[in-house]
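Undergrad: The structure follows.
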Amino acid sequence: MAQIEWNPELSVGIEPIDEQHLKLIELLQGLEDAVRDGKDAALIEDTITNLFNYARVHFTAEEELLKKHKYPEEKLHQMEHNKFITKAFEFRESFDARKPGLNIEVVNFLSSWILSHIQITDQRYTRYLKKHGQV
Ligand SMILES: [Fe+2]
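Here this note's numbering is used: the first residue of the sequence shown is 21, the next is one more, and so on.
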């Protein structure tokens, strides 16, 4: 898979959320590079921990925003976030420096997930918030 990169099409039109998405993508880029370059296992584990922790901070911020504005699909959105957290957690648990191919597959999965989540699922709530004049 091509390198995951921020581009204007990923903007949801809400600045603090865009900034968080950018940071999330940077963390994923860092993880992808570290796994691809066969970096030290300890460094990769730290990188995935940072990604995992930041994803939780970001998802919580989004979920609070959606709750505050009574977004009808808030629960569904939260379930999607939980899937990512579970996958990232599983990756941290099963990370094996001797099996780089398998690891890069998981990183690619996480990257694809984030991109499609931002472009499809997050755009749905931003459309709703804008329509209701809440952002
Ligand atoms: Fe989201």
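Quick reminder that beta carbons are idealized off the backbone N, C-alpha and C, glycines included.
(1) Does the stretch 96-110 come within contact of the stretch 68-81, defined as at least 3 CB pairs closer than 8 Å?
(2) What did DSSP end up calling SER31 once you bin it into helix, strand or coil?
(3) Quick check on GLY153: does DSSP put it in helix, strand or coil?
(4) With 16 as the cutoff for other CB atoms within 10 Å, does PHE111 come out buried or exposed?
(5) For the alpha helix (DSSP H) that contains ASP66, what are its first and last residues?
(6) Please state the DSSP three-state secondary structure of ALA117.
(7) Is GLY58 helix, strand or coil by DSSP?
(8) Going by C-alpha distance, which of ASN128, GLU100, PHE79 and TYR148 is nearest PRO36?
(9) Taking 7 Å as the threshold (C-beta atoms), are THR146 and ILE34 in contact?
(10) For GLY58, I'd like the list of residues in its chain whose CB is within less than 7 Å of its CB, leaving aside the five on either flank, ordered along the chain.
(11) So, VAL55 versus ILE124, is the Cβ gap smaller than 7 Å?
TA: In this structure, then:
(1) Judged by Cβ distances under 8 Å, the stretch 96-110 makes contact with the stretch 68-81, as three or more pairs qualify.
(2) Of the three classes helix, strand and coil, the one that applies to SER31 here is coil, per DSSP.
(3) In the structure shown, the three-state DSSP call for GLY153 is coil.
(4) By the 16-neighbour rule on beta-carbons within 10 angstroms, PHE111 is buried.
(5) Residue range 61-88 is occupied by the alpha helix (DSSP H) that includes ASP66.
(6) The three-state secondary structure of ALA117, taken from DSSP, is coil.
(7) GLY58: coil per DSSP, three-state reduction.
(8) Per the Cα distances, PHE79.
(9) Contact annotation: ILE34 and THR146 have beta-carbon atoms nearer than 7 Å.
(10) Taking GLY58 as the centre and dropping the five residues before and after it, the same chain places the C-beta of PRO120 closer than 7 Å to its C-beta, in chain order.
(11) Yes; because the gap between Cβ atoms is below 7 Å, this pair is in contact.
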